[in-house]
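What follows is a set of notes on a single structure, which appears directly below.
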Amino acid sequence: MATSRHALPDAAGPNANPDLDSPLIVEAAREQGLDVTLAVWNDPQVAWEDYDAVVVRSTWDYTSHHAEFLEWARARRRLFNSYEALRYSSDKHYLLDLERRGVPVVPTRIVELGEEPEWWTGDVVVKPAIGAGSADAARYGDTDEERQRAFAHVARLHAEGRVALVQPYVDSVDKRGELALLYFGGVFSHALVKRAMLNTPEEERDASFRRRQMSAVVPDAVACHVAEATLSILPGTLYARVDLVETPRGWAVMEMELVEPNLFLTFEPHALGRFVDALLAAL
Numbered sequence: 061m062a063t064s065r066h067a068l069p070d071a072a073g074p075n076a077n078p079d080l081d082s083p084l085i086v087e088a089a090r091e092q093g094l095d096v097t098l099a100v101w102n103d104p105q106v107a108w109e110d111y112d113a114v115v116v117r118s119t120w121d122y123t124s125h126h127a128e129f130l131e132w133a134r135a136r137r138r139l140f141n142s143y144e145a146l147r148y149s150s151d152k153h154y155l156l157d158l159e160r161r162g163v164p165v166v167p168t169r170i171v172e173l174g175e176e177p178e179w180w181t182g183d184v185v186v187k188p189a190i191g192a193g194s195a196d197a198a199r200y201g202d203t204d205e206e207r208q209r210a211f212a213h214v215a216r217l218h219a220e221g222r223v224a225l226v227q228p229y230v231d232s233v234d235k236r237g238e239l240a241l242l243y244f245g246g247v248f249s250h251a252l253v254k255r256a257m258l259n260t261p262e263e264e265r266d267a268s269f270r271r272r273q274m275s276a277v278v279p280d281a282v283a284c285h286v287a288e289a290t291l292s293i294l295p296g297t298l299y300a301r302v303d304l305v306e307t308p309r310g311w312a313v314m315e316m317e318l319v320e321p322n323l324f325l326t327f328e329p330h331a332l333g334r335f336v337d338a339l340l341a342a343l
């Protein structure tokens, strides 16, 4: 079995949220003979040249250091997922590209710096184009007061130098949640339903709360087809998560997670083994 060294970078400091997946991956990989180390991606003391491969995991603070993170990723000799996958999927402009390629996505408007937002009627979601999870995302109702709050949200993001994204709120999330499909080595592993989170104040959306909103599910064939059409644009990923929602036109992509998705390995008994098998095959 391989004896070379492999690193799983994560985050440090206030953005270092609990990561339940990485300790499981490290233990299982070591049982297969891999020499695996957890390391912080922007720790200047880490000698990355000593590692034969780097598997990105819980680098949840990259959104605050996007350019630095991509520079770090570009410099890695052997990286999973690839630099190209990280660059593409770390900025939600990719939703516009997916739409151009014929993949169904939630209607999306990007509000670049210096632009004024245009609105749909009905509830909307405002979030940063470069952001992780539900951080800095909020739902706004269809009233003048709510609309002013949404405008203020966009203005705040712009003041921080961040591009904003506006989408109509998909009502099916309140009833049926989002569907998260996990793929390892390009092969479907498992899926979960994530119930609505934007109806809860952001400060209350801690790891425990988010976990309580999730449950394992078997996805239908149409959902799998949409997810796989999405991933076909960037083949060769070690891990991927595609989040879908139901719209009047069918399943649509809410997000594609190729950087540091929660893999929800504890929700499916065979998920960890599938991930490690995919890792061994990639190495």
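Quick note: to get the working numbering, add 60 to the position in the sequence shown (first position is 1). Every residue, glycine too, gets a C-beta built ideally from N, C-alpha and C. Everything numeric in this text was worked out from a predicted model, so none of it was measured.
Item: DSSP three-state call for His218: helix, strand or coil?; Value: helix
Item: For the alpha helix (DSSP H) containing Phe324, list its first residue and its last residue.; Value: That residue, Phe324, is in no alpha helix (DSSP H); it is neither H nor E in DSSP.
Item: Using C-beta distances below 7 Å, list every residue in its chain close to Ala283, excluding the 5 sequence neighbours before and after it, in chain order.; Value: Leu239, Leu241, Leu304, Trp311
Item: Excluding the 5 residues flanking Arg90 on each side, which residues of the same chain have their C-beta closer than 8 Å to its C-beta?; Value: Val96
Item: Just the C-alpha distance for Asp183 and Arg199, rounded to the nearest angstrom, thanks.; Value: 7 Å
Item: How long is the line joining the alpha carbons of Leu158 and Pro167, rounded to whole angstroms?; Value: 11 Å
Item: To which residues does DSSP link Phe140 through a beta bridge?; Value: Val115
Item: Here's the rule: buried if 16 or more other CB atoms are within 10 angstroms of the residue's CB, otherwise exposed. What is Gln227?; Value: buried
Item: Using CA atoms only, rank isn't needed, just tell me which of Ala338, Leu332, Glu320, Pro329 is closest to Leu146.; Value: Glu320
Item: Hey, Leu318 and Ser149 are a contact pair by Cβ (cut 8 Å); roughly how many whole angstroms apart?; Value: 4 Å
Item: Among the candidates Glu306, Met314, Tyr299, Met316, whose CA atom is the shortest distance from the CA of Leu332?; Value: Tyr299
Item: Does the structure place the stretch 125–135 close enough to the stretch 199–217 that three or more beta carbon pairs sit under 8 Å?; Value: no
Item: Please classify Thr123 as buried or exposed, where buried requires at least 16 neighbouring CB atoms within 10 angstroms.; Value: buried
Item: Pick from Arg161, Leu155, Thr119, Glu109: whose alpha carbon is nearest that of Arg138?; Value: Glu109
Item: So what does Ala67 bridge to, in DSSP terms?; Value: Thr97, Val114
Item: Once DSSP output is grouped into helix, strand and coil, what is the label at Ile170?; Value: strand
Item: From Tyr243 to Leu80, what does the alpha carbon distance come to, in whole angstroms?; Value: 18 Å
Item: Less than 8 Å between C-beta atoms, sequence neighbours within five positions excluded: which residues of the same chain meet that for Thr290?; Value: Leu158, Val163, Val302, Val313, Met316
Item: Skipping 5 residues on each side, what residues in its chain have a beta carbon closer than 6 Å to that of Arg344?; Value: Residue 344 is absent from the model: the chain starts at 61 and stops at 343.
Item: Quick check: Val214 and Pro177, are their CB atoms within less than 8 Å of each other?; Value: yes
Item: I'd like to check one pair, Ala88 with Val336: are the Cβ atoms closer than 8 Å?; Value: yes
Item: So what does DSSP say about Glu128, is it helix, strand or coil?; Value: helix
Item: Consult DSSP for Thr181 and reduce its assignment to one of helix, strand or coil.; Value: coil
Item: Does DSSP classify Asp280 as helix, strand or coil?; Value: coil
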